[in-house]
Every structure is written in structure tokens, then in C-alpha cells.
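Written out below as C-alpha cells is the structure these notes cover.
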Amino acid sequence: MTMKLHHIFRRSLLAGAISLAGLGGFAPAAFAQDEQEDEELLSPIIVTGAVRQGGAQDIRHFREISFDGGNEFMPPQGSLTMEGLLGEHDLTLPRREQCRQTFCLVGHAMKADLPLRPQDAWFVGLDFDSNIDAKSWKAAPLSLVAVIDRSGSMSGGPIAKVKEALRSVVSQMGKGDRLGIVLYGSNTNVHLPVMDVATHRGEILDAIDSIQIDGSTYLEAGLKLGYETALAEMPQSRGKTRLMLFTDENPNVGNTSAEGFMAQASAGSARGVGLTTIGVGVHYDGALAARVSSAPGGNLFFIEQDRAASELFDKEFRNMTSEVAENIAITLTPPEGYAITGVFGVPDGLMTQAQDGAVVVTIGTAFLSSNGGGIYVALGRDSARDHLPLAPLGTATPLLDVKLAYVDAVTGEAGGDSLAVAQPDGPAPARLAAAMALVDEYVSLTQALEHYHLRGDKKAAFAALDGLNSRLAAGGHEGFGKEQELVGSLRGRMAYLAGYQGEVPRELRPLELFGRWKVTYFKGVDDVRRGDVIEITKDNEFVTYPGGKDESDEIRQSYQVNERQLFIPDGDLLFQYRRNGDRLTLRTSDGEAEIAMRIE
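Per this note's numbering, residue 61 is the first one in the sequence shown, and the count goes up by one each step.
Written as C-alpha cells, this is what we have:
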């Protein structure tokens, strides 16, 4: 803390402080039997046979920025993705027969019940399946180039989580696997040349430990050097080569557009190098990362502040680098009189519509996953029947004819499948109903954010969240505790903002601190006087202007905050805070240090 605070307390950090392209995969046992040497290079991989499309695999970042209360009343638009929300849940549908190839489809249907989408009559789930057997499939050797953001915004917790994640990666890599590290900040360099993990494990761990923070976020240069390193590695690779980007995705140097990064990712994928993005830190730009990860061969995960990086990597590392199929095209044809009114779970909305009403969905890559799932299709009346009842369907008429084409990510051979999704003849599978509830959640949250951010209509935003909250509570879906917690929290704060609730929600309390405050009383601290102005910003800066003037001798410090306390790390000072109208008081728990202020 640049400002000297005379009264020093030794504290720990606040517990609640705010602060689908053939790359890296697996090989069948039959391949390994041909060469003893190759057999020695293959390491066991525990898989469930579950498969998911690439793109965002969770909405952990959306949850984190929704709960932290430190920057905005409501999370920003674009920070929530449908495929990420679906990816957090195991939505495996009942299998009618065994899949006999690398990539198959499973289909079930139910009556649609989406209150904000009255045009939908039927809801169809298309689950992805595979003949992969955990007992007979093993991970092929992997050459991995880790591209690491070491800019200033990654300091502290974020870079510590990156190092933890890399240590987990090294512990899971063995004979035949290779690892290199590229760093970018103000400068970009190869921190560790790609080398065999089995014979250089200690050297690699030392290199991980020695990573230091350095300047701005030159993501464009980092990716460029990362791809150059990966492409140079391909002749030495015993299996697949892949990039893994660790970043808070907040670039501020070079070409910072998603289009620029996606061009690099798409070009790399075309040459055999895919991209896994690992988001960390509160500054993480989830919308940008979701767009980049929608390129072929891309996927995306996020590590929250209170989650151990090893928890994610110990479970998902081999899955996130194991591709099943690429260049996937799914043609969806509705029955006569019906139209496809929505497709959910497709990264970046990659779909086209044919004249006969068919919709072709293209997915870059499908990966192994701990959670099963796929895409979901809504059906309603076609435009010719806008003012007519739904067209009658014979009992044997399928709701959806589906054709699949793909390229096997291991063999490079073309494959296909076809499916006629029948009308339901009994209760809907529980996980299909759960998937529809998640679509309802996505649609409702998106609508609420639009009402709030675009239209400034807080009451309409509350109505959308209130209805969703009631439906989730009544739904009884297994594993929806986090969904109810998220929606309940957003509903509570919107009730306050819309004037339906007088008390400030707990997670919004830090927002009461933001602004410029004039000091009226102080004790137990140095370098603060009556008449000074203290500015507390949304960017976690605690700025003191001596005498209340915006002079060059202003004192800037960082802070952390939760719903009760404000912590200034440089001075090791922990305040309880309380706002009453236009007045704010910061006071230590023993009362020995205090700053009283009035809004300027």
C-alpha cells in the first residue's frame, strides 16, 4: 500500500473476496497391437463414452461474475452461452441400441413447454454417442504447447491457478507425451522448448515454477508464436499436437478482435493444431473466449477463484484434448406442415436453412466428455400455417428426420448415420426434460439481461427472472441446485433494483462503496486527513486525493471486498464497512482505526 496506514493488522485474505479438428486424442487398442513400441507409448484413459460438441463447456465464469457483486448489478450480455450451460450437466439420453461406430446420434422427443417460446410445439433432443470402450481405448501420445498469459491482470490467484493446472497436466503425461511453454505479456517468448515429459519432468516443473508476471496482454503475438511452435513440433510428435491457452482473455495490445483470434484458431486447426482455452481471473472476457473456442478444434473451460485447478484437470484433461469427430454436418428435416423454430447447443449458431425447410447444423469438432449431451431442436407450425392449427401427424410419422456426416478424428475416414425421431409414446426421459429446463433458463436469463441492459426495463427483467425462479423450484430436476442458486440471486437483486424489495441483496452491498467520498473524520491511520477525497472504483482501486484535489501526488492502492469487509493488501488493513444514505464508514473490528466519509 503506497499510502502509509499507521494502524496495521496481520490478516489472511478474505475468504469471500471479490477480487468440435483432429488434435490431441486417443487410439484404438487394435492400432497399438501392431507395434510394441506404440503400445508402450499409450497410457490408460478413463472415459465414459460420452461425447460433446466443442465450444464452451461450462458457464462457470458467468456464475462467478453473477455472484461477485463487484462490478455490475447484473452480468453483461454475451457472457452466457447455451452450449456452456448444457455442458455443465450430464444429459445422456436412453440408448435404443448400441452405437457401432465412432460417432452416432440418439433421439428422443417430448411436448415443448417453454413459456417464453410459445411458437414451439415439440422439443427434440439429439444426443451424441460413440462405440468407445474405456477398457479398450487408450490415450495416444500428445504434444502440448501451453500458451500462457503473464500480463499484470494475471498476477496473484490467476497465475497460481495456471501453475497448478500445468502441474496436474505434467502428472498425467507420460512416455511419448511432450510439453512446451510459450509466454506472452509485453514480450513473447518460448519459455520452455517442447520436450519429452517422461525424461524431463523436473526441468518442466522448474520452468512452470519460474513463470513471472510481465506487462500488457499481447494475445495476438502469444497465439502466433504458440502456433509456430506447435507446427514446428508436429514432425516430432508421436500422436497429436494441440495448443492450450491460459488467459484472462482481456487483450489490450495488437489485434484484439475475436475475428483476428478466430482466424488464427481456424488456420491452426486446418493444419492439425486445435485450441483449448482455459479462462482464469475476474477480468476474463467470456464472450470473446466463447467465440474463439467455436472455431473447429476448439473448446473452452473456466477455473473459478474458489475452485482448485487440479479439480478440473485431474478429471477432464484427457477428455479436453481427445477428439472423436470433426467436420460434423447434421441435416434436420421436419415433417410437412412443421418448421424448425430453434436449435440449441450449437457453438456460435452455425446453421443454414434449405428451401425444403431442412436445417443443416455444422459442428467443427466433438470431444470426449464426462457429461453426455448434444443439441436440441424445437419444432412448430411452418409459415404457411401461421393462422391454422398444428398440422395433424400420423402415429407413425417421425417428428424429425436426421442425417449425420462426419470425419473420424482418429482414422480420417468419412462416416455417417441417420435417425428418425419418433413421437413420444410415454413419459419423457428425465434428462430430456432437464435439457428443456436449461433451454428455458438460457432464454429467460437472456431476455432478462436484454430488458435490463438494452431497454432499462427493470420490472420486465424481474418478471422474467421471477417466472424462471418459480419454474426451476417446481421442476424438481436432479442436479439443479446451482441453477436455482444462480437464478434466485439474480432475481433478488432485480427485485431490489425494480423497487420490489427494500433491503440491498448481500452480493450487491459492495456496489454501495463505488464513488468519490470526502473524509469527515479519521483515527488510527496516517496519510489520511479531513478534506481528503477517497475514490473507490469498480476496477478495485482505492484512490486518495490529498486535500480533495486531483493532483499528481494521488495515492493509488488495490482493494478486495465482499459483502461485509474491505481489505487493502498493501497495508494489511481489514475494514468493516457500513453505508447509511450519503455516508460511509470504514472501521476495523477492534475500533482502533476508522475513516468516516460523506459522498462528494
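We put the beta carbon where it would ideally sit given N, CA and C, even for glycine.
Ranked by Cα distance from G144, the first of V340, G541, F361 is F361. The beta carbon of Y560 sits closer than 7 Å to the beta carbons of F522 from its chain, once the five residues preceding and following it are set aside; these are given in chain order. For A267, the enclosing alpha helix (DSSP H) covers residues 261 to 269.
In the pairwise beta carbon analysis, the segment 481 to 495 is classified as not touching the segment 515 to 529: fewer than three pairs are separated by under 8 Å.
The distance from the Cβ of T457 to that of P395 is about 6 Å, consistent with a contact at the 8 Å cut-off. Rounded to the nearest angstrom, the gap between the Cα atoms of D150 and G433 is 7 Å. The C-beta distance from L303 to A290 rounds to 5 Å, short enough to meet the 8 Å contact threshold. Between the segment 648 to 656 and the segment 578 to 586 there are three or more C-beta pairs closer than 8 Å, enough to call the two in contact. Shown here, K518 sits in a helix according to DSSP, grouped into three states. Here H251 carries a strand assignment [DSSP, helix/strand/coil]. In the three-state DSSP reduction, L145 falls in the helix class (H, G or I). Closest in alpha carbon position to G405, among L186, P629, S382, T645, is L186. A contact between stretches requires three or more CB pairs, one per stretch, nearer than 8 Å, and the segment 624 to 637 fails this requirement with the segment 543 to 558. Taking the Cβ atoms as the reference, S353 lies roughly 7 Å from G114, within the contact range of under 8 Å. Cβ-Cβ separation between M142 and Y502: approximately 5 Å, consistent with a contact (criterion under 8 Å).
Comparing alpha-carbon positions, the option among R155, T301, A469 lying closest to S203 turns out to be T301. Relative to the Cα of E288, the nearest Cα in the group C159, L265, A206 belongs to A206. In this structure, the beta-carbon distance from L392 to A418 falls below 8 Å. Taking each of R551, Q117, L283 in turn and checking the Cα distance to V564, the smallest one comes out for R551. Taking C-beta atoms under 8 Å as the contact rule, G575 and I659 qualify, at a distance of about 6 Å.
DSSP lists W182 as the bridge partner or partners of K171. The beta carbon of R177 is closer than 8 Å to those of T401, G402, A438, V503 in its chain, skipping five residues each way along the sequence. Annotation for Y637: the continuous beta strand (DSSP E) segment containing it runs 633 to 640. If you ignore the 5 residues before and after A495, its C-beta comes within less than 6 Å of the C-beta of L151, G185, Y436, all in its own chain and listed in chain order. E386 is positioned such that its CB atom lies closer than 8 Å to that of P356. Here DSSP, grouped into helix, strand and coil, assigns Y287 to helix.
Of A323, D477, Y398, the smallest CA-CA separation from P449 is found for Y398. Boundaries of the alpha helix (DSSP H) around E510: 490 to 513. Judged by DSSP in its simplified three-state form, K463 adopts strand.
The beta-carbon distance between I241 and I273, rounded to whole angstroms, is 15 Å. This is too long to meet the 8 Å contact definition. With fewer than 16 other Cβ atoms inside 10 Å of its own Cβ, A327 counts as exposed.
Here I119 carries a coil assignment [DSSP, helix/strand/coil]. For the 8 Å CB-CB criterion, T307 and G339 form a contact. Annotation: D118 to L146 spans about 7 Å, alpha carbon to alpha carbon.
Distance from the Cα of L252 is smallest, within the candidate group G245, S270, S246, D237, for S270.
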